[in-house]
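According to the working numbering, the residues represented by the sequence shown are 15 to 356, in order.
The beta carbon of each residue, even a glycine, is placed where N, CA and C say it ideally should be.
To start, the structure under review is shown below, and the notes come after it.
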Amino acid sequence: MRRQQIRQNLSRLILALVAVPCFLARPSAADVSIPKPQVKIENPVFDFGTVAQGVRVSHNFVIKNTGNSDLMIHRIVPACGCTAASTSGDVIAPGKDGIIKVDLDTSDFSGEKLKLVRVFTNDMEDPSVGITIKGNIEPNVVIEPARVTFNAVVRGSSEPQSRRVNVSVKPDSGLQIAEVKSFSKLVSVKMLEQSAQKASFDVILDTTAPVGEVRERLVINFKGSKEMSLNVPVFANIEGTLRLSPATISFGVIEGTDAMERSVKFENLGSAPISIKKVSSNDPALTADYSVIKEGQNYVVRVKLDPTKVSKDLRALVTVTTDSKTEPPLSLNVYGILPPKS
């Protein structure tokens with residue numbers, strides 16, 4: 015009898031548990047709505063087309079919050095000082111829009127330009143988004159060429175070295191050409207034509223400049239509604255009057271025991287005669303001498319290699335010393351490799 019009573023009580027308990035309402039069950043992760051802001055820029059790139067230099071370009075970018083929690087704009091970082099950015103508000107409610115205004119000052123730019131502004135928010139999935147403003151800026155001043163270059167000028171050459179430069183100013187820019195100045199003893203300016211809106215001049219290089227690179231600049235000053243200055247870089251490569259051609263020789267793969275020989279040409283491009291006094295090598299496997307083609311002007315330098323004295327890949331230097339008081343000794347690089355060991 016007692017056992018029967020226990021069974022009945024267990025049956026009632028099981029029925030009671032089955033009848034428990036479903037709302038007591040633990041909700042799944044999918045049923046929980048997690049607050050999350052989400053940033054979206056409708057059109058992140060604005061092309062302002064072509065404008066005149068000095069025009070201030072402005073554009074309003076629309077920023078949206080497509081999430082379910084407040085979007086907070088922490089900071090806005092323009093690419094440079096020429097670009098300014100501001101926002102209509104630091105907090106954007108879910109489903110709402112905001113404005114980020116970007117201003118670009120084109121006074122110091124010309125040509126195709128692209129400026130990036132980065133926006134930092136509390137969107138954990140995309141905390142940093144970029145907006146871009148770009149376009150073409152027509153310069154108020156055109157300088158042709160914008161850079162003056164003298165390539166491979168022989169020092170002391172009697173041939174004049176000059177380059178023509180033309181400058182033009184837009185009539186409605188409010189600018190006028192005031193002067194063109196050089197602050198270098200090696201570069202001078204010869205003005206050919208000058209008016210308020212146009213100038214033409216020759217840039218003249220002093221060929222007695224030291225051997226090596228010359229890096230100077232011209233300054234063009236403007237007056238009018240806005241005073242300004244523009245620089246014109248001047249670059250020259252001054253070479254000595256002495257040449258070795260080629261300046262590098264290779265013996266390739268060094269094999270066997272027979273002597274190997276290479277020749278190079280020595281030239282004096284100046285007007286004063288210069289003679290070779292000595293040819294030397296820094297490697298015992300190499301010997302060098304020379305023969306005269308035209309005294310004071312042209313020579314042949316011969317380099318001989320003894321393979322039996324080469325114990326590793328060849329990296330040597332042959333030095334040609336002359337009687338010149340201004341030109342340094344010339345260096346000839348010599349290379350060769352040993353065959354791989356079997």
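Val201, DSSP secondary structure in three states:
strand
Kindly give me the distance between the Cβ atoms of Lys291 and Asp337, rounded to whole angstroms, as I take these residues to be in contact under 8 Å. 5 Å
Q.
Among His88, Arg329 and Ser172, whose alpha-carbon lies nearest the alpha-carbon of Ser264?
A. Arg329
Would a C-beta distance cut-off of 8 Å place Gly226 and Thr255 closer than the cut-off? no
Beta-carbon proximity list for Pro141, same chain, < 7 Å, skipping 5 on both sides: Phe134 and Thr135
Checklist line | Buried versus exposed, by CB contacts within 10 Å (16 or more), Pro51 | finding: buried
Length of the line joining the Cα atoms of Ser345 and Val334: 6 Å
For Asp303, does the count of other Cβ atoms within 10 angstroms reach 16, so buried, or fall short, so exposed?
-> exposed
Among residues of its own chain, excluding the 5 on either side of Lys318, which ones have a beta-carbon nearer than 6 Å to its beta-carbon?
Ala273, Glu275 and Thr301
- What did DSSP end up calling Asp61 once you bin it into helix, strand or coil? strand
Can you have a look at Gly112 and say buried or exposed, based on whether 16 or more other CB atoms are within 10 angstroms of its CB? buried
*Below 8 Å on the Cβ atoms is my guess for Leu352 versus Lys326; work out the distance and round it to an integer in Å.*
7 Å
### Query
By how many angstroms is the C-alpha of Thr64 removed from the C-alpha of Ala160?
21 Å
I believe Val248 touches Val217 by the beta-carbon criterion, under 8 Å. Please report the beta-carbon distance rounded to the nearest angstrom.
6 Å
inquiry  = Less than 7 Å between C-beta atoms, sequence neighbours within five positions excluded: which residues of the same chain meet that for Lys355?
reply    = none
Helix or strand or just coil, what does DSSP make of Asp216? strand
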